[in-house]
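In our numbering, the protein residues as written are 25 to 323.
Below is the structure:
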């Protein structure tokens, strides 16, 4: 968690009288501002603010914390004021993303990123869960999802399409489904998120939802892939994960005229204001690379 941002949130909250006003001034969500304030009190080990529905006041510890926060911001602003707009981004960047995205997309582009920004190092946190940017001390989270909370600060990077596919051996055994409704009678491997055991499909002339069943449900994309390759069931996979295996013939497209509901790839970060140069460089770079990849082209 960025303690300088936390100090700014604390100062703005005191000066403006509420976390909501502070969040608006700093360009972040109300929930994010509250997390920073909670973290401030966790660090202090005591309550810094006395809150009621209509009033907010500083505790004695809060008075001391406010003075120290102002000193911290004065020093931080003095340092940043010495930097020029052409200064090379530097420092460690803590990034979170799903394992499938890290393996298929991020790691192949990391060498070029490192050459372009040699003073930036990446602390990569691989997880399929939704991270808390503040509590997990994440600078940028790359997330694939169908929707975001309106309070979240994010930059949309592109579309993530998916395909239905299965191992040739499985389809030889159970037959190729002729329509979406046929999936209900066939073994499927479900992803715990994005609908779980209810698949939404759009076809040439209609959309429909199908309830599926099978021997496995998981929240890990590569286990879905492994389940498909082992012939456990029909799966819905992101195109960027399935495409190499379809090209090699290890998987076959199922219902190619039917598409799952599209998802989006987002970069999430804590605040629009005073975004560190390394964070901005990383987001801009990923956006550039994703924009060049036809599997992520935005509509």
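Don't be surprised by glycine CBs; every beta carbon is placed ideally from N, CA and C.
The model shown is predicted, which means the values in this text are computed figures rather than measured ones.
At a Cβ-Cβ threshold of 8 Å, residue 57 and residue 47 count as neighbours. By the neighbour-count criterion, in which 16 or more other beta carbons inside 10 Å mark a residue as buried, residue 281 falls on the exposed side.
Of all C-beta pairs linking the segment 274–294 to the segment 184–192, three or more are shorter than 8 Å, placing the two stretches in contact.
Take the alpha-carbon of residue 152 and the one of residue 195: they are about 29 Å apart. When secondary structure is reduced to three states using DSSP, residue 66 falls in the helix class. A direct Cα-to-Cα measurement between residue 130 and residue 122 gives close to 10 Å. Residue burial annotation: residue 303 is buried, with at least 16 other C-beta atoms found within 10 angstroms of its C-beta.
DSSP links residue 316 through a beta bridge to no other residue. Beta-carbon to beta-carbon, residue 292 and residue 157 are separated by about 7 Å, close enough to satisfy the 8 Å threshold. Comparing alpha-carbon positions, the option among 179, 199, 41 lying closest to residue 74 turns out to be 41. Within its own chain, the residues whose Cβ lies closer than 7 Å to the Cβ of residue 33, once the five positions on either side in sequence are excluded, are 46, 50, 57, 60, 61, listed in chain order. Residue 230 has its alpha-carbon roughly 28 Å from the corresponding atom of residue 173. In the DSSP assignment, the residues bridged to residue 262 are 186. Note on geometry: alpha-carbon atoms of residue 118 and residue 85 lie some 31 Å from one another.
If only complete runs of 4 or more residues are kept, the segment 94–153 shows the alpha helix (DSSP H) at 131–140, in order along the chain.
Membership of residue 53 in any beta strand (DSSP E) is not indicated, and neither H nor E is assigned to it by DSSP.
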